[in-house]
Amino acid sequence: MKKVIFLVCCSLTLLIAGCEAESMNTGNAEPEIIYDQEVFSMVEEPRRAEVARRFNPGAQKIVINNDLHVYRYWGGGSGESGFFFAKKMFTERDKAKRALALPERNTALNVTQYKIPAGTTLIYGNAANMAGEDGYDMEATGGAELYYLPNPRFAEKELVGKLEFTHHEQTMDELEEVEAVTVE
0 MKKVIFLVCC
10 SLTLLIAGCE
20 AESMNTGNAE
30 PEIIYDQEVF
40 SMVEEPRRAE
50 VARRFNPGAQ
60 KIVINNDLHV
70 YRYWGGGSGE
80 SGFFFAKKMF
90 TERDKAKRAL
100 ALPERNTALN
110 VTQYKIPAGT
120 TLIYGNAANM
130 AGEDGYDMEA
140 TGGAELYYLP
150 NPRFAEKELV
160 GKLEFTHHEQ
170 TMDELEEVEA
180 VTVE
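Just so you know, we're using numbering that gives the first Met the number 0 here: the sequence shown kicks off at 0 and counts up by one.
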């Protein structure tokens with residue numbers, strides 16, 4: 000009986016030591032991102048986890064029935080053409096950066112309106128909270144509706160402009176005047 004108890008205690012000690020060693024080894028590893036393989040299958044393999052991380056759980060693969068008008072916020076280290084688009088037109092860059100959880104390199108000084116034609120397949124969901132992640136500031140809290148277009152060539156540029164930094168809410172008429180300005 001003493002041998003059995005001794006063996007059980009030794010086994011438990013080794014098991015606990017093994018678990019601690021395993022948790023210490025994985026402590027510095029990147030956390031695994033779990034995402035719906037079906038939804039993100041349209042993203043190239045090397046970028047899937049990165050793209051999935053930008054969305055809150057519940058993102059969906061959708062095919063749009065009508066032309067979709069979307070906005071891309073860009074500037075600094077982020078170009079006018081890209082994969083991510085917003086459903087909402089923000090009137091201030093800080094609101095766009097926060098709600099879309101844009102990376103620090105994206106100054107969001109410019110906005111381009113695009114039309115994505117009916118029949119296009121997109122990933123749709125809400126922007127994930129990226130605050131404090133590498134390359135993101137603490138204000139990148141996300142929450143806004145976000146689209147991922149696997150082939151940005153399908154997006155047709157409509158209007159380009161600079162975001163205004165005002166303390167009052169702009170009307171659509173004011174925004175249309177701002178959007179009509181061509182960015183150099």
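Where a beta carbon is used, it is the ideal one built from N, C-alpha and C, also for glycine.
Worksheet item: To which residues of the same chain is Leu121 closer than 6 Å at the C-beta, ignoring the five residues directly before and after it?
Response: Taking the first residue of the sequence shown as 1, we reach residue 121 at position 122. The answer, listed in chain order, is Ile61, Tyr146 and Leu148.
Worksheet entry | Element boundaries [beta strand (DSSP E), containing Val62] | Counting from 1 along the sequence shown, the entry for residue 62 is found at position 63. Val62 -> beta strand (DSSP E) spans Gln59 to Val62.
Discussion item. At 3 residues or longer, what runs of the beta strand (DSSP E) sit wholly inside the stretch 85 to 167?
Written reply: 105 to 115, 120 to 125, 144 to 147 and 155 to 161
Worksheet item: For Phe83, does the three-state DSSP call read helix, strand or coil?
Response: Walking along the sequence shown from the start, residue 83 turns up at place 84. Phe83 falls in the strand class under three-state DSSP.
Worksheet item: Residues bridged to Ser77 by DSSP?
Response: Indexing the sequence shown from 1 puts residue 77 at position 78. Per DSSP, Gly74.
Worksheet item: In terms of DSSP beta bridges, what is Val38 paired with?
Response: In the sequence shown, counting from the first residue as 1, residue 38 sits at position 39. According to DSSP, which records beta bridges pairwise, Val38 is partnered with nothing at all.
Worksheet entry | Cβ neighbour criterion (16 or more within 10 Å) applied to Gly141 | Residue numbering aside, residue 141 sits at position 142 when the sequence shown is read from its first letter. By the 10 Å Cβ count, Gly141 comes out buried.
Item to complete: Output the distance between the C-alpha atoms of Pro116 and Val69, rounded to the nearest integer angstrom.
Response: Numbered from 1 along the sequence shown, position 117 holds the residue referred to as residue 116. Numbered from 1 along the sequence shown, position 70 holds the residue referred to as residue 69. Their backbone Cα atoms lie some 11 Å apart in a straight line.
Worksheet item: If we call anything under 8 Å between Cβ atoms a contact, is Gly124 one with Ala58?
Response: Start at 1 with the first residue of the sequence shown, and residue 124 comes out as number 125. Start at 1 with the first residue of the sequence shown, and residue 58 comes out as number 59. Going by C-beta atoms, Gly124 is nearer than 8 Å to Ala58.
Practice prompt. Please confirm whether any heavy atom of the ligand PLP lies closer than 7 Å to the CB of Gly78.
Written response: No copy of the ligand PLP appears in this structure; indeed no ligand is present at all.
Fill in: Proximity to Arg97 [Cα-Cα], best of Asp66, Glu132, Asp136 and Gly81
Residue numbering aside, residue 97 sits at position 98 when the sequence shown is read from its first letter. Comparing Cα-Cα distances from Arg97 to each of Asp66, Glu132, Asp136 and Gly81, the minimum goes to Asp136.
Worksheet item: If you draw a straight line from the C-alpha of Ser80 to the C-alpha of Glu132, how long is it?
Response: The residue you call residue 80 lines up with position 81 of the sequence shown. The residue you call residue 132 lines up with position 133 of the sequence shown. If you take the alpha carbons of Ser80 and Glu132, they lie about 24 Å apart.
Discussion item. Check this for me: beta carbons of Ala100 and Asn128, under 8 Å apart or not?
Written reply: The residue you call residue 100 lines up with position 101 of the sequence shown. The residue you call residue 128 lines up with position 129 of the sequence shown. Yes. Within cutoff.
Item to complete: Alpha carbon to alpha carbon, how far is Phe39 from Pro102? Give it in angstroms, no decimals.
Response: Indexing the sequence shown from 1 puts residue 102 at position 103. Indexing the sequence shown from 1 puts residue 39 at position 40. Near 21 Å, if we compare the C-alpha coordinates of Phe39 and Pro102.
Worksheet item: If you check the beta carbons only, do Gly74 and Thr111 fall under 8 Å apart?
Response: Residue numbering aside, residue 74 sits at position 75 when the sequence shown is read from its first letter. Residue numbering aside, residue 111 sits at position 112 when the sequence shown is read from its first letter. The answer is no: Cβ separation not under 8 Å.
Worksheet item: Which same chain residues, not among the five before or five after Lys156, have their C-beta less than 7 Å away from its C-beta?
Response: Taking the first residue of the sequence shown as 1, we reach residue 156 at position 157. These residues qualify, in order along the chain: Thr111 and Tyr113.
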